[in-house]
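In the numbering used here, the protein residues as written are 44 to 175.
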């Protein structure tokens, strides 16, 4: 049994460095050309409201968290996903932050995941099934 999430993270070879959430590495899949979410936000700062910017960031954060959870499963750490408190600690230790830049609390993580809209849920399910 692992006492602290950080002990677990540093024992996983691919995840032994803290990861900062970088919008320049995130691809926006809803656009025809290959553009990052950060490029969209920078180029349309007057045309996109703060709410729309946060929605773009949230969408990419959903995908990042779900991808990270998939990696944990593939590395045999499903037990982390069964315990919400441990999962939130691991996400914070890894460097995931809310759209506002704060660490996740159990409540904020739960609320964040509950706000995921149906199109994102459907897309994630399709990706996990291997249909996309």
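Quick reminder that beta carbons are idealized off the backbone N, C-alpha and C, glycines included.
Here the structure is a predicted model, which means the values were calculated and not measured.
A contact between stretches requires three or more CB pairs, one per stretch, nearer than 8 Å, and the segment 142-154 meets this requirement with the segment 92-107. Note on geometry: alpha-carbon atoms of residue 129 and residue 121 lie some 11 Å from one another.
Residue 131 sits close to residue 147, with the two beta carbons spaced by under 7 Å. Here the alpha carbons of residue 113 and residue 91 stand approximately 32 Å from one another. Only residues of its own chain outside the window of five on either side were considered, and among them 163 have a CB closer than 7 Å to the CB of residue 102, listed in chain order. For residue 116 and residue 135, the gap between their C-alpha atoms comes out near 18 Å.
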